[in-house]
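The structure under discussion appears below in the form of structure tokens.
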Amino acid sequence: MPAPQSQGAQDQGAPNQEASAEARVPTAMAGRYLTQLCKHFGHRVPTGIEDGRGWIAFQGGGCTLETDGDSLVMRIAAEDAASLARLEEVAASHLQRFAFRETLQIAWQPVG
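Our numbering puts the first residue of the sequence shown at 15, with every later residue one more than the last.
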């Protein structure tokens, strides 16, 4: 059963999450991309947006999104390193597709 909209993706199965990473992506369109990503993935998996923050519950992990000034901050928590690598690629490739008018610098950094 999907989590209520008030919970973030990291709240869903968080004890099983063993690998995590964060990307801070400079862009003046952070809020727009956050909304686009959540709406796009919402056709396939549970997502939510509340108070300017978003979450996406992928199989094998979750992604939280928030804006920080002129940056979009994406955090992924996954059940293992392979899932983390897959989710990093999925999130980054979709963000780049939505941001085709600009060249984004997406660099994932391990968390924890």
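Where a beta carbon is used, it is the ideal one built from N, C-alpha and C, also for glycine.
DSSP, reduced to helix, strand and coil, places V104 within a helical segment of the structure shown.
Within 10 angstroms of the beta-carbon of A44 lie 16 or more other beta-carbons, which makes it buried. Distances from the alpha-carbon of L48 to those of Q123, E103, T78, E116 put T78 closest. With fewer than 16 other Cβ atoms from the protein chains shown falling within 10 Å of its own Cβ, A42 counts as exposed. H108 and L51 have their C-alpha atoms some 7 Å from each other.
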